[in-house]
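Worksheet: one structure, shown below.
In this note's numbering, the protein residues as written are 1110 to 1540.
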């Protein structure tokens, strides 16, 4: 009986040990699988970080070194590039670290700092896009006020406004949790614990800019359609020349668009001058083409001289009329070309707007889940939150592509930067 009991205990111990070994092996495999998944995500994210940093550094160097790109419009674009560069340098690396380890491995104070920087720079990036959209529409709708009067002071004020608004969104978060920063680190995950802040932040940082961008884009398309119709019907029309940073020939189109009015005024002045140029001579009260015949009828030597003089003036007048017609025709052609460039720029901005919605909408939709259903957030896998977060970060890499790659001058400047041609002093703008 004792022998049987010992054999039973031995068998039970063997089964238990075997079960423990299986559990340990399964746990090791699961941990290894999780580590592999995190490493895979980290590699993808690292490529995104490098691409974002390289693209935005390229934009900053091109605007700094290329003389043709140094205008007030591109200064605002440079501010956007710096913002996206900060996302790549200060925000994304800690995100990669979290993906690699599967949790946030640093103290909670760093978690709070990371969240504040995330809110600051991502908000600034979105606000830059919104401001560019509004500025483009206003330049087209009110060219005399916003199109021609683009000064460095105005652009600086816009940049300051964008950054102040972004700071106003991130600063309360830092102040609220500065004394209780442990609350932002929940189960190894950095997150904003206040659902109300998420709601207000999502509305201010995304949904309002989204509505503004949608409205200005629709108004821009409508305005360009009206201008195209006026041009086809012989109307004067007007284009601001503000083609946006994503279209070619920005400077040339702006020059042609702004010169249309003065050329038409000069043409009117020349026609007025032609009608009164022969006022001292009595015969010139009649049509200029009949004046030489009237003077030849009197047949004096002096009359012959006057005939030669008036004929010369008539030829000059006809030449002026011909040139005026040519100028008006050329300006109409230029205006039509500007309209086509504006429409092309609008299509590019349409792609930018669509991409903006695709990249940021999933994150801000999930951001509203806690305010609607507190328990629903727990049922969403953390991998989904990681994916939509990095999808939003991808916007910082896409921005320099869309806003510069369609511009011929930017492409040439990028080529010079990559080939180190700016190392030659001849390529540098004068100091």
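We put the beta carbon where it would ideally sit given N, CA and C, even for glycine.
Check	Outcome
Measuring CB to CB, does residue 1506 end up less than 8 angstroms from residue 1204?	no
Can you list, in chain order, the stretches of the alpha helix (DSSP H) that have 4 or more residues and sit fully within the stretch 1147-1171?	none
Within its chain, find whatever has a CB closer than 7 angstroms to the CB of residue 1274; leave out the 5 residues flanking it on each side and keep chain order.	1236
Is the Cβ-Cβ distance between residue 1168 and residue 1201 less than 8 angstroms?	no
Among 1513, 1515, 1476 and 1531, which residue has its Cα nearest to the Cα of residue 1305?	1476
Please classify residue 1622: does DSSP put it in a helix, a strand, or coil?	Outside the shown range of the chain, which is 1110 to 1540, sits residue 1622, and nothing can be said about it.
Could you check whether the stretch 1263-1278 touches the stretch 1207-1222, counting it as contact only if at least three pairs of C-beta atoms, one from each stretch, sit closer than 8 angstroms?	no
Could you tell me which uninterrupted alpha helix (DSSP H) segments, each at least 4 residues in length, are contained entirely in the stretch 1195-1277, listed from first to last along the chain?	1201-1210 and 1217-1250
Which residue wins for smallest C-alpha separation from residue 1454, given the options 1171, 1330 and 1276?	1330
Among all the DSSP beta bridges, which residues are the ones paired with residue 1298?	1295
Only counting the same chain, and skipping five residues up and downstream in sequence, which positions put a Cβ closer than 8 angstroms to that of residue 1307?	1301, 1476, 1477, 1479 and 1480
Counting pairs of beta carbons, one from the stretch 1175-1183 and one from the stretch 1481-1491, are three or more of them closer than 8 angstroms?	no
Out of 1165, 1261, 1290 and 1177, which has the shortest C-alpha to C-alpha gap to residue 1219?	1290
Going by Cα to Cα distance, which pick from 1515, 1153, 1456 and 1303 is closest to residue 1602?	Because the chain is modelled from 1110 through 1540, residue 1602 falls outside the range shown and cannot be assessed.
If you count every other CB in all the chains shown that lies within 10 Å of the CB of residue 1246, and 16 or more means buried, which is it?	buried
Once the 5 residues before and after residue 1463 are set aside, which same chain residues still bring their CB inside 8 angstroms of it?	none
On the DSSP letters alone, give me the boundaries of the alpha helix (DSSP H) that residue 1309 sits inside.	1304-1311
Regarding residue 1155 and the ligand SAH, is the C-beta to nearest heavy atom distance less than 7 angstroms?	Summarising the ligand content, the structure contains no ligands, and the ligand SAH is consequently not present.
Span of the alpha helix (DSSP H) holding residue 1527?	1517-1527
Would you kindly report the start and end of the unbroken alpha helix (DSSP H) that includes residue 1491?	1491-1502
Can at least three beta-carbon pairs, one atom from the stretch 1275-1286 and one from the stretch 1225-1241, be found at a separation below 8 angstroms?	yes
Helix, strand or coil for residue 1286? Go by DSSP, reduced to three states.	coil
Is it right to say residue 1288 is buried, meaning 16 or more other beta carbons lie within 10 angstroms of its own, or is it exposed?	exposed
Compare the C-alpha of residue 1249 against each of 1528, 1327, 1495 and 1516 and name the closest.	1327
What do you get for residue 1514, buried or exposed, if any count of 16 or more other CB atoms within 10 angstroms of its CB means buried?	exposed
Helix, strand or coil: which one does DSSP assign to residue 1470?	helix
So, using beta-carbon positions, are residue 1509 and residue 1193 closer together than 8 angstroms?	yes
DSSP on residue 1530, reduced to helix/strand/coil?	helix
Classify residue 1164: buried if its beta carbon has 16 or more other beta carbons within 10 angstroms, exposed otherwise.	buried
Give the straight-line distance between the Cα atoms of residue 1316 and residue 1154, rounded to the nearest whole angstrom.	26 angstroms
Considering only residues of the same chain and omitting the five flanking positions on each side of residue 1151, which have a CB-CB separation below 6 angstroms?	1205, 1208 and 1209
Report yes if the CB atom of residue 1175 is closer than 8 angstroms to the CB atom of residue 1518, and no otherwise.	yes
Apart from the five residues on each side of it in sequence, which residues of its chain come closer than 7 angstroms, Cβ to Cβ, to residue 1338?	none
Check residue 1486 in the structure and name its three-state DSSP category.	helix
To which residues of the same chain is residue 1313 closer than 7 angstroms at the C-beta, ignoring the five residues directly before and after it?	1278
Helix, strand or coil, according to DSSP, for residue 1333 in the structure here?	helix
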